[in-house]
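Visitor: Numbering (our numbering), first residue to last: 8 to 681.
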Ligand code: IVH
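#1: Assuming contact is defined by CB atoms lying nearer than 8 Å, are residue 130 and residue 45 in contact in what I supplied?
#2: Would you kindly work out how many angstroms separate the C-alpha atoms of residue 75 and residue 320, rounded to a whole number?
#3: Opposite residue 130 in the DSSP bridges: which residues?
#4: At what residues does the alpha helix (DSSP H) containing residue 572 begin and finish?
#5: Can you tell me where the beta strand (DSSP E) holding residue 341 begins and where it ends?
#6: Would you kindly work out how many angstroms separate the C-alpha atoms of residue 181 and residue 92, rounded to a whole number?
#7: Got a sec? Which residues, its chain only, sit under 8 Å from residue 539 by beta carbon, not counting five neighbours each side?
#8: Quick check on the DSSP output: what are the complete alpha helix (DSSP H) runs of length 4 or more inside the segment 258 to 340, in order along the chain?
#9: Can we count residue 92 as close to the ligand IVH, meaning its CB is less than 7 Å from some heavy atom?
#10: Identify every residue that forms a DSSP beta bridge with residue 362.
#11: Cβ atoms of residue 57 and residue 16: under 8 Å apart, would you say?
#12: In its own chain, which residues sit with a C-beta less than 7 Å from the C-beta of residue 30, not counting the 5 before and 5 after it?
#13: For residue 123, name the three-state secondary structure that DSSP assigns.
#14: Taking 8 Å as the threshold (C-beta atoms), are residue 534 and residue 459 in contact?
#15: By the three-class DSSP mapping on this structure, what secondary structure does residue 668 have?
#16: Can you give me the Cβ contacts of residue 73 inside the same chain, cut-off strictly under 7 Å, excluding the 5 residues immediately before and after it?
#17: For the ligand IVH, is there any heavy atom lying closer than 7 Å to the beta carbon of residue 70?
#18: Residue 168: buried (16+ other C-beta within 10 angstroms of its C-beta) or exposed?
#19: Would DSSP call residue 423 helix, strand or coil?
#20: Using alpha carbons as the reference points, say which of 601, 641, 653 lies closest to residue 628.
#21: Return helix, strand or coil for residue 581, following the three-state DSSP convention.
#22: Entirely within the segment 37 to 69 and at least 4 residues each: give me those alpha helix (DSSP H) ranges in chain order.
#23: Please say whether residue 229 and residue 656 have beta carbons closer to each other than 8 Å?
#24: Quick one: is the Cβ of residue 652 within less than 7 Å of any heavy atom of the ligand IVH?
#25: Could you tell me the alpha carbon to alpha carbon distance between residue 494 and residue 678, rounded to whole angstroms?
#26: Which of the three DSSP states, helix, strand or coil, is assigned to residue 611?
#27: Of the choices 663, 583, 625, whose alpha-carbon is the least far from that of residue 643?
#28: Would you list, in sequence order, the uninterrupted alpha helix (DSSP H) runs of no fewer than 4 residues that lie entirely inside the segment 136 to 165?
#29: Spatial neighbours of residue 515 within its chain, please: C-beta separation below 6 Å, excluding the five flanking residues on both sides.
#30: For residue 107, report the span of its beta strand (DSSP E) as first-last.
#31: Using beta-carbon positions only, say whether residue 153 and residue 147 come within less than 8 Å of one another.
#32: Determine the direct distance from the alpha carbon of residue 323 to that of residue 26, and round the result to whole angstroms.
#33: Candidates 543, 353, 328, 454: which alpha carbon is nearest residue 596's?
#34: Locate the alpha helix (DSSP H) running through residue 176, then write down its first and last residues.
#35: Do you know offhand how far residue 680's Cα is from residue 633's?
#36: Please report the residue range of the beta strand (DSSP E) in which residue 240 lies.
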């Protein structure tokens, strides 16, 4: 009889299970992990090792028995036709050689042909196609049942909504099939998302995987759509079976079917070629547009796959080689503040320089004050940092508090321009709201000149850079004082183009009050709000003097927008700017909208997608000139939803609510509009 395990082993196993359950919850349910994947893997490996040595201590609820996370409330659960299994991990080349040995022994072959692929770091999804049309998208869930996320996955552009019958025929596939693959977010999309979150004071995502997973597992598909996700296909089933003699055939067929599949997979004859592939991509993976956390190695021949079969959790014919994590510990010597292009203040940790995966790291963004508090970080602490690809490293946690640690506070004055820093109750970000703050100058000018704002043609990035860098322009009002010889002296400027630009700038004085309000770049004040405000106040001065109570009286202006407007005008530098604009001749007064008819009186319209004949704003203006109303969201009260190219979720909402849907051509033909 086996000797009973000592109490200390049992205690360690219990502790590991508890920890793993906690981290699984953080990772799978909350999408908000506290530790890195590598640290999690390490705990799991330790538990697996202990359970292997003490089988009598295995319980049916051990994290080692489970494949994935529990489905969330609010989604329909769907049973997978064939279980979505996980993969066994290999953390060393020796482990890969062991895998190869097992495969060779079981199959009786001397050398195995493998396919090595990127291991995409995302969320696995099964897509079912019937009659060539995608009918269902399901997450892996616990491997047996997953969550039905069909409306969400349909927003992902790299997922074909339908596949041509002719193409299927050519690929020798029937029109009912299943595709499995990974939903992920490119580094670029991820960085853009966090920048946007930083500015709006939203939650900062720790990594691309979690933000992609979170975006798929939301009940509102418009959130999925906004996150710019990608899908990489790696597996094909027909009637629950692999339809081709080789996995490489499936990968080729997926491409033929217009799925996005990695082009970087490689046919490797024997395990040495596999290891060379892993080494090659370890060096190159940072250059990829998306993150990979390893390499998946699959036996190419379907016949051998079938012979080897599956364990309870994973195929015996495949393995995931995981790259070592790029983590290090170091000391936070200081925390400084950077002012972003929109005025949001970002705390940045100044680190004791340290090598992480071959790169010296000395800075790490802390995103915002909430993040500093969440980490419990103070200056002098030792932290664990992780570098994922080329992304600036982030602090995972404090590992040791510094002896002489001191707390960090946000400055009261902007480090760039000295204006007072604002922070609203319901927002995470601290901001400098001075429109002329040097940190924001270029961005403010570009916005001011943009097509839907003051529409100054020719005032692009290259010119703005020079105007600011040479000190000619410090705020938008300075544009109106520019002289021809000053502009002509700029790079890429000929005399004629200088004249044209000055004419454009001068011409912009005639713009409407609505455009000017929008052009000032107040937070939450988009084109439509600009329009509504211009209908309510007769001049910029009147708007500047308005109290928050007066502002909320404007249709669609809520307390948040009202507070942002009041905040903007409370800044002395901004009040000065308005005076300066006035002196420069930029002082439009509210124009009364031209009323053409009341044919659309009482009708409300929503526009979605791109129109051909006019911009959405112009179409909206037209509706209003005929007495109609334009709204930003679809409800039961909406009369018409006008759908252009690539419509958003408003289109689905309209269908769901049975609102009348018009094409652009049908819209143009409405009585009164012709
Ligand atoms: S094949 C039965 N191929 O990694 C084999 N999986 O750690 C199913 N993954 O559940 C998986 N890239 O979510 C496969 N090229 C790839 C992959 C891949 C990423 C994910 C997948 C899987 C997990 C296992």
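Just so you know, even glycine gets a beta-carbon here, dropped at the ideal spot from N, CA and C. What you are looking at is a predicted structure, and each value in this text was computed from that prediction instead of being measured.
Guide: In brief:
#1: no
#2: Note that residue 75 scores 30 on pLDDT, short of 50, meaning its location in the model is unreliable and no value can be drawn from it.
#3: 190
#4: 566 to 577
#5: 334 to 346
#6: 24 Å
#7: 561, 562, 563, 564
#8: 278 to 291, 309 to 315
#9: yes
#10: 367
#11: yes
#12: 40, 41, 42, 47
#13: strand
#14: yes
#15: strand
#16: Since pLDDT at residue 73 reaches only 43, below the 50 mark, its modelled position is unreliable, and the value read off the structure follows with that caveat. So the qualifying residues of the chain are 149.
#17: no
#18: exposed
#19: coil
#20: 601
#21: helix
#22: 44 to 60
#23: yes
#24: no
#25: 49 Å
#26: strand
#27: 663
#28: 157 to 160
#29: 461, 463
#30: That residue, residue 107, is in no beta strand (DSSP E); its alpha helix (DSSP H) goes 100 to 114.
#31: yes
#32: 28 Å
#33: 543
#34: 172 to 177
#35: 8 Å
#36: 237 to 244
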